[in-house]
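Chains as they are written, first to last, in this note's numbering: chain A, 19 to 314; chain B, 2 to 278.
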């Protein structure tokens, strides 16, 4: 049973369609990345599943049941900016989170503050924190009580490179412990490094979703090289080739998945009088796929 | 459930200095205005002159038991705007810090959030009423000369009326904060309406009262509850006919105030439930 199932969710702000019939499900134990450029509807989607916004249409379920506040108590969440009381300290803020959610204990407050490296400033007021520290405190609030599901909207916002790396490691550790993590981000590198599932949104529409390796490998790409200047022209005549382009590293050839084997390419070139000095299978990166799908 | 709401609301204000500062100002303002009024009155009746003795004969002692409950309730009600600012601050803070969203994300129902604020308004009303009772009793003790014949708690119904008036007016302040969401705009509207607009409207309605057959100024937002505590007799006797009508209308205004307060909270629950956070 998926942890979260979203069916045909739509949401408009006046004439702007923020989400348009989006459906996907989040498997238990997965690290699920929601990707999209700014304004694609990522935060709107997370706001709806956290009951902060009401959808115009569609439904969603948490743990196979219609959503309720009891489900939200089980979910650690960080939505957009850290939403905490400015005049209170880290500990006092986390006590409020604990009181509302029923998650965690006084000891666990100290533990999560140590985890996000805020323990030494635990008695400083929120308003005195840097942006990165505020973000860490919000993450601490989400981690309080070790919830089985985490919803994190741009969790590395405002963090320095070291902080980003630490949060990334934290997310990986949490995933290893079996937590389900739903994470929205526009940092493709970040998502590729920590997520095993992904949904890509563009202008409120779901472009694709699924296992990261499946999303990335819907086609095969080979990078080939030769001293012959005819290579590009010859490969254009390869039967069934989808796309061929010259790059700095050689010629990139795209085929439908499992359509061709490397030895077929080698044979084809050889029969056309070209000897290859390079033939490698190229793995597409999420960034390439993202730009390809979103067209930006 | 109520325990959890109270505990959480307490955690929000326990270490909030501005909250306690404003409550302290309220605490100071009540003995302040009543004390000034009492000593000004005392000075005038203590005067050996003919006019001083005339005032004493005419007005009696409005600060002695049991009239102290009425007089101090009337004077204290001028300072309800201070706790109203506290209430506006509490709700607009939630919007400013976006903690109203976080409270929902962390697991409260939207209704629970509004219940929390309603309990806060109730709690502050109780504190303010306690300030008023303490001042009324203290001034009553100072001003009463003949305790044996004084009917000490004869007018203690004004404690309930004061409580109801403060709760109603703070509830209106809460709704304003909920609607406006921006602290300074909400303060501005509250002060402008309370001190200027309602007085202008009250005056206009009074002018039209004969023509329209009724003074609709009695049903303005704050006037509805203000009229539960009419002018104390020592002032009211200068326009006895109108004062008698005002006293006769107290029960009606209790009912109107209850209806208004219920409506304010019903609207607050509805708005928060329907509004995107």
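Ideal placement from N, C-alpha and C gives every residue a C-beta, glycine not left out.
Q. Less than 9 Å separating the beta-carbons of residue 140 of chain A and residue 107 of chain A?
A. yes
**Q.** Rounded straight-line distance, which links the Cα of residue 238 of chain B to that of residue 42 of chain B
**A.** 16 Å
Q. Closest by CA to residue 80 of chain B, which one among B:113, B:40, B:32 and B:246?
A. B:32
Q: Please name the residue in A:275, A:306, A:250 and A:303 whose C-alpha comes closest to that of residue 286 of chain A.
A: A:250
Q) From residue 232 of chain B to residue 60 of chain A, what distance separates their C-alpha atoms? A) 59 Å
Q: Look up residue 271 of chain A in the DSSP assignment and give the residues it is bridged to.
A: A:240 and A:262
Q: Pull up the distance between the alpha-carbon of residue 14 of chain A and that of residue 294 of chain A, whole angstroms please.
A: Any question about residue 14 of chain A goes unanswered here, given that chain A covers just 19 to 314.
Q: Could you tell me whether the Cβ of residue 76 of chain B comes closer than 9 Å to any Cβ of chain A?
A: no
Q. Alpha carbon to alpha carbon, what distance is there between residue 171 of chain A and residue 44 of chain A?
A. 15 Å
Q: Tell me whether the beta-carbon of residue 88 of chain B lies closer than 9 Å to the beta-carbon of residue 171 of chain B.
A: yes
Q. Do residue 166 of chain B and residue 253 of chain B come within 9 Å of each other at the CB atom, strictly closer than that value?
A. no
(Q) Here's the rule: buried if 16 or more other CB atoms are within 10 angstroms of the residue's CB, otherwise exposed. What is residue 32 of chain A? (A) exposed
(Q) Between which two residues does the beta strand (DSSP E) holding residue 299 of chain A run? (A) 294-300
Q: Find out if the Cβ-Cβ distance for the pair residue 173 of chain B, residue 85 of chain B is shorter than 9 Å.
A: yes
Q: Kindly indicate the opening and closing residues of the alpha helix (DSSP H) around residue 93 of chain B.
A: 82-98
Q.
Distance cutoff 9 Å, beta carbons only. Does residue 88 of chain B sit that close to anything in chain A?
A. no
Q) Got a sec: is the Cβ-Cβ distance from residue 105 of chain A to anything in chain B below 9 Å? A) yes
**Q.** Three-state secondary structure assigned by DSSP to residue 202 of chain A
**A.** strand
Q: Can you say whether residue 68 of chain B is buried or exposed, counting buried as having 16 or more other CB atoms within 10 angstroms of its CB?
A: buried
Q: Grab the span of the alpha helix (DSSP H) containing residue 74 of chain A for me, first residue to last.
A: It is not in any alpha helix (DSSP H) - residue 74 of chain A carries neither H nor E in the DSSP assignment.
Q: Look up residue 78 of chain A in the DSSP assignment and say whether it is helix, strand or coil.
A: strand
Q. Roughly how many whole angstroms lie between the Cα atoms of residue 261 of chain A and residue 95 of chain B?
A. 55 Å
Q | Cβ-Cβ distance between residue 64 of chain B and residue 38 of chain B below 9 Å | A | yes
Q) Counting pairs of beta carbons, one from the region 116-133 of chain A and one from the region 95-114 of chain B, are three or more of them closer than 8 Å? A) yes
**Q.** N- and C-terminal bounds of the alpha helix (DSSP H) containing residue 25 of chain B
**A.** 18-47
Q: Using the DSSP secondary-structure output, state which residues sit across from residue 83 of chain A in a beta bridge.
A: A:80
Q. Any idea what DSSP makes of residue 227 of chain A, helix, strand or coil?
A. strand
Q. Can you list, in chain order, the residues of its chain whose CB lies under 7 Å from that of residue 129 of chain B, leaving out five sequence neighbours each side?
A. 27, 84 and 167
Q. Where does residue 35 of chain A fall in DSSP's three states?
A. strand
Q) Do you know how far the Cα of residue 75 of chain A is from the Cα of residue 20 of chain A? A) 21 Å
**Q.** Which of helix, strand or coil DSSP assigns to residue 258 of chain B
**A.** helix
(Q) For a test of the three-state rule: what should DSSP assign to residue 232 of chain A, helix, strand or coil? (A) helix
Q. Helix or strand or just coil, what does DSSP make of residue 228 of chain B?
A. coil
**Q.** Contact set for residue 34 of chain A: own chain, Cβ-Cβ below 8 Å, skip 5 residues either direction
**A.** none
Q.
Taking CB distances under 9 Å as the criterion, tell me whether residue 159 of chain A reaches chain B.
A. yes
Q.
To the nearest angstrom, how far is the alpha carbon of residue 154 of chain B from that of residue 66 of chain B?
A. 7 Å
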